[in-house]
Each structure stands twice: as structure tokens, then as C-alpha cells.
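Some notes on the structure that comes next.
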Amino acid sequence: MTMDDVDTSGQAEWRSSEGALQLGHCRTCDQVHYYPRRVCPFCFSADVGRKASSGRGTIYSYSLTGRGPQGPYVIAYVTLEEGVSILTNIVEAEPDRLAIDQRVELIFQQVENGWVPFFRPRHD
0 MTMDDVDTSG QAEWRSSEGA LQLGHCRTCD QVHYYPRRVC PFCFSADVGR
50 KASSGRGTIY SYSLTGRGPQ GPYVIAYVTL EEGVSILTNI VEAEPDRLAI
100 DQRVELIFQQ VENGWVPFFR PRHD
């Protein structure tokens, strides 16, 4: 599978016009959830909206895959500052320099038919 094979038909679900990752937010129980849904997964309220993520988080877990169309790549669970976790790829990084709890930041990369959220190490 290449990045051009990624289904981005739901990209409006994750990227705002300002380029922020969109999280679901329940107005009833005030919980944040990812991916945005029409019903809160915590209290089942339909009073949900969107909230922009800070785009900052930490690596919860990661794995280096040995094969891919463009070579090895890193897949990871990243826990965002807002408390939700997202399965993603870590880019712009040397795999042997990654670590659990390492700080990362969101970037969107354009593919043929849209934008896909990835994370890269923060250098602050």
C-alpha cells in the first residue's frame, strides 16, 4: 500500500481549514474523543461538536516495520495533550532515536487525494 492508497474521503473529519486536527467534544459530559463521532462514546449524548487539537503529544508505543513501498516506516500510538490516543506514523525521524514518552508534534502531509495526519519529533 502506498500513501496514494490511503482513503481520505473522511479527511473533513480530521483537518480543519486552519490545518488543526479535529477532535470530537461532548458538550454534555465535556469529554474529548478521537475520532469525531455523532454520538459521544462516553455518555451517548448526541450533543457533540468539534475541538481543535493542540497538535502536541507523546509517543505511547511504536514499532518499526521492516517493509513498505518506500522502505521501513514507524507506526505509533501518540497520546495527545487532550488525552486521546491516535494511531499514526512518525516521520522525519531516525527510528533508532525514538523513545516512549518522546514529545511529538502534528504535521499534515499531502497525498494525491488529500491530507493525512502524521507526527514528528519536537525539538523544543
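Start counting the sequence shown at 0; every next residue gets the next number (numbering that gives the first Met the number 0). C-beta atoms are modelled at their ideal positions from N, C-alpha and C, and glycine is treated no differently. Remember, predicted model here, so these are calculated numbers, not experimental data.
How big is the Cα-Cα spacing for residue i and residue j?
i      : j      : result
Ala19  : Ser60  : 23 angstroms
Asp29  : Arg66  : 41 angstroms
Phe107 : Arg55  : 13 angstroms
Asp4   : Leu79  : Interpretation of Asp4 is limited by its pLDDT of 43, a score under 50 that renders its predicted location unreliable; the figure taken from the coordinates is listed afterwards. Near 26 angstroms, if we compare the C-alpha coordinates of Leu79 and Asp4.
Ser52  : Pro116 : 12 angstroms
Val31  : Phe43  : 13 angstroms
Gly70  : Glu93  : 13 angstroms
Inspect the beta-carbon positions of residue i and residue j and report whether they are closer than 8 angstroms.
i     : j     : result
Asn88 : Tyr76 : no
Which residue or residues does DSSP assign as beta-bridge partners of residue i?
i      : result
Ser62  : Ile74
Arg119 : Glu104
Gly23  : His32, Arg49
Starting from residue i, trace the beta strand (DSSP E) in both directions and tell me its first and last residue.
i     : result
Thr87 : 84-89
Using CA coordinates, which residue listed in the options is at the minimum distance from residue i?
i      : options                    : result
Thr57  : Ile85, Leu63, Val47, Phe43 : Ile85
His122 : Val110, Gln109, Arg96      : Arg96
Any beta-carbon of chain B closer than 8 angstroms to the one on residue i?
i     : result
Val77 : No chain B is part of this structure, which consists of one protein chain only.
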